[in-house]
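Last residue of the sequence shown: 822 in the working numbering, with the numbers rising by one and none dropped. Each residue gets a CB set at the ideal place from its N, CA and C atoms; glycine is no exception. Fair warning: this is a prediction, and the values are worked out from it, not measured in the lab.
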Amino acid sequence: MDYSLTIFLRQSWSDNRLQYEQLPNITALELDARLMEKIWVPDLFFTNEKRAIFHHVTVPNRLMHIYPNGTVNYSCRISMTLSCDMDLHKYPFDDQDCHIVMESYGYSTSNLIFKWNPTPIIKRPEVKLPQFEMVKWTWSDCTKTYVNTNYTCLSADFYLIRNYGYYIAQIYIPSVLVVILSWVSFWLDIDAIPARISLGLLTVLTMTTQSSGARANLPRVSYIKAIDVWMAMCLFFVFAALVEFAYVNVMSRVEKRRQTIRGEISSSHIDAEGGVMLEEKEKTNGKSNPFRSKRLSNITAQNRQRARRMDKISRLAFPGVFIMFNIGYWIFYMTWEGK
Numbered sequence: 484m485d486y487s488l489t490i491f492l493r494q495s496w497s498d499n500r501l502q503y504e505q506l507p508n509i510t511a512l513e514l515d516a517r518l519m520e521k522i523w524v525p526d527l528f529f530t531n532e533k534r535a536i537f538h539h540v541t542v543p544n545r546l547m548h549i550y551p552n553g554t555v556n557y558s559c560r561i562s563m564t565l566s567c568d569m570d571l572h573k574y575p576f577d578d579q580d581c582h583i584v585m586e587s588y589g590y591s592t593s594n595l596i597f598k599w600n601p602t603p604i605i606k607r608p609e610v611k612l613p614q615f616e617m618v619k620w621t622w623s624d625c626t627k628t629y630v631n632t633n634y635t636c637l638s639a640d641f642y643l644i645r646n647y648g649y650y651i652a653q654i655y656i657p658s659v660l661v662v663i664l665s666w667v668s669f670w671l672d673i674d675a676i677p678a679r680i681s682l683g684l685l686t687v688l689t690m691t692t693q694s695s696g697a698r699a700n701l702p703r704v705s706y707i708k709a710i711d712v713w714m715a716m717c718l719f720f721v722f723a724a725l726v727e728f729a730y731v732n733v734m735s736r737v738e739k740r741r742q743t744i745r746g747e748i749s750s751s752h753i754d755a756e757g758g759v760m761l762e763e764k765e766k767t768n769g770k771s772n773p774f775r776s777k778r779l780s781n782i783t784a785q786n787r788q789r790a791r792r793m794d795k796i797s798r799l800a801f802p803g804v805f806i807m808f809n810i811g812y813w814i815f816y817m818t819w820e821g822k
């Protein structure tokens, strides 16, 4: 995980070899890029840098001022991509601590020491971050030891809080609407099979696509993020609504199919001689058996009543459980400090 920024790096040091007598009407010598190459500069490098460039439009964005007492002010404009160890457990409600670490590459502390100015970091007021709000920044000394040798080191830390309004509008609200849409099937008639199947499959596919899109640009981490929990539960609710329809549909039809297979509606046999299918209705004195027909009708009606009752229960159970999940989800992730 990384972040990008553009900085104006300013360094100041004293070099007695560059002392000169005060010139009239000249406060400091201003060097161009060619003369800068002949002046010694600290061998500073960024330890967590991945990519970096100097700016050269329209000329190299560097300046160097040399004062009569040998003080050198050096400034350059750099755009960098730096690594940042982000913790995404609470994403998109997370806050991050990213840093810049600067060290001397070849000089030990016996020859070179970096120190911060009293106000070393200045943020331009017009600079805004689209996804984060920079709440504060700190700086410190972080002298390192390599192979029993101390090297000077400075660290700047930036504390960022993610603005999650975008995610509420683009991910959370649409997913809630898809879940609510899946509950419409509970109000449809149990015989409206094409409509309920189409609605169930549509919401499941929509939720799957939205879940993939929400995590498309995220790094592949091995732990579960807040958005993973949300999308998984929304997918569970829309899939459960589809399963509920399948159960209701089977409940309303299974007994009728079972009675048909057992021959309680009619009995059939094949005439061995002629090979003709004959159907005999069970009769009593030339009339259909009223007791068997009534029993079949009662069984079918009872199963359809159970199916309708299941739909009525689901109309209350699904929203109730979803609301309880929302309460627990938002309380937990809004109060959890993270790892």
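>> Out of ARG534, VAL524, VAL667 and PRO677, which one is the CA nearest neighbour of TYR588?
In response: That would be VAL524, whose Cα lies nearest to the Cα of TYR588.
>> Three or more C-beta pairs under 8 Å: does that hold for the segment 714 to 723 against the segment 658 to 675?
In response: yes
>> By the three-class DSSP mapping on this structure, what secondary structure does ALA511 have?
In response: coil
> Using the beta-carbon count (16 or more within 10 Å), is ILE549 buried or exposed?
Replying inline: buried
>> Between which residues of its own chain and ASN552 is the CB-CB distance below 7 Å, once the five residues before and five after are set aside?
In response: GLN502
> Nearest CA to the CA of PHE641: which residue from TYR629, ASP578 and ILE656?
Replying inline: ASP578
>> Is it buried or exposed, MET563, if we count other Cβ atoms within 10 angstroms and call 16 or more buried?
In response: Result: buried.
> Which of the three DSSP states, helix, strand or coil, is assigned to LEU488?
Replying inline: strand
> Under the three-state reduction of DSSP, which class applies to LEU501: helix, strand or coil?
Replying inline: helix
>> For ARG703, report the span of its beta strand (DSSP E) as first-last.
In response: Annotation for ARG703: no beta strand (DSSP E) segment contains it, and DSSP assigns it neither H nor E.
>> What does the alpha-carbon distance come out to for the pair ARG787 and GLY696?
In response: 40 Å
> Between which two residues does the alpha helix (DSSP H) harbouring ARG517 extend?
Replying inline: 516 to 519
> Using a Cβ-Cβ cut-off of 8 Å (strictly less than) and excluding sequence neighbours within five positions of SER797, which residues of its own chain qualify?
Replying inline: TRP666, PHE669, ALA724 and GLU727
> What number of angstroms, rounded off, separates the C-alpha of ALA516 from the C-alpha of ILE604?
Replying inline: 25 Å
> Can at least three beta-carbon pairs, one atom from the segment 696 to 707 and one from the segment 676 to 686, be found at a separation below 8 Å?
Replying inline: no
> Nearest to GLN614 by CA position, among SER495, ILE561, GLY648 and CYS625, is which residue?
Replying inline: For GLN614, the nearest C-alpha among the options comes from GLY648.
> Are the segment 554 to 572 and the segment 493 to 501 touching, with three or more C-beta to C-beta distances below 8 Å?
Replying inline: yes
>> Quick check: what's the CA-CA separation for PHE801 versus HIS582?
In response: Approximately 46 Å between the Cα atoms of the pair.
> On the three-state DSSP scale, how would you describe VAL610?
Replying inline: When secondary structure is reduced to three states using DSSP, VAL610 falls in the coil class, being assigned neither helix nor strand.
>> Here's the rule I'm using: 16 or more other beta-carbon atoms within 10 Å means buried, otherwise exposed. How should VAL759 be labelled?
In response: Its pLDDT being 42, under 50, VAL759 is placed unreliably by the model, and the measurement read from it follows with that caveat. With fewer than 16 Cβ atoms within 10 Å of its Cβ, VAL759 is classed as exposed.
>> For the beta strand (DSSP E) containing ILE536, name the first residue and the last one.
In response: Unbroken beta strand (DSSP E) run through ILE536: 532 to 537.
> Which residues mark the beginning and the end of the alpha helix (DSSP H) in which ILE663 is found?
Replying inline: 656 to 665
> What number of angstroms, rounded off, separates the C-alpha of ILE536 from the C-alpha of ILE561?
Replying inline: Roughly 6 Å between the two C-alpha positions.
> Per DSSP, PHE528 forms a beta bridge with which residues?
Replying inline: GLU586
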